[in-house]
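Numbering (the working numbering), first residue to last: 1 to 98. In what follows, a single structure is set out as structure tokens and then discussed.
Printed below as a string of structure tokens:
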């Protein structure tokens, strides 16, 4: 992994740690992106964040949800080792992806 990607992974890990201090076990993609854009100098684009989350084994995709009556989706992520079952979210339906 290149030096720039290693820095980015450590920034994403800090976001997970910040949320875990608030007793949040699973962090949504939007929460991660907003935290990184608020707490880092340059921020991050959604495609780059998604790419880093998918390619880095220490970040685990937990579940994908769709808001009832819309096409809006949200994906929950966790650090490796914190893969407990998420609680159901009111107004959201769990997606069954193939």
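The beta carbon of each residue, even a glycine, is placed where N, CA and C say it ideally should be.
Per DSSP, the bridge partner or partners of residue i
| i | result |
| --- | --- |
| residue 60 | 78 |
| residue 66 | 73, 93 |
Burial state of residue i, where buried means 16 or more other Cβ atoms lie within 10 Å
| i | result |
| --- | --- |
| residue 15 | buried |
| residue 49 | buried |
| residue 17 | exposed |
| residue 24 | exposed |
Proximity of residue i and residue j at Cβ, strictly below 8 angstroms
| i | j | result |
| --- | --- | --- |
| residue 91 | residue 66 | no |
| residue 11 | residue 30 | no |
| residue 93 | residue 77 | no |
| residue 95 | residue 64 | yes |
Reference residue i; option with closest CA among the options
| i | options | result |
| --- | --- | --- |
| residue 44 | 81, 9, 89 | 9 |
| residue 74 | 19, 21, 27, 13 | 27 |
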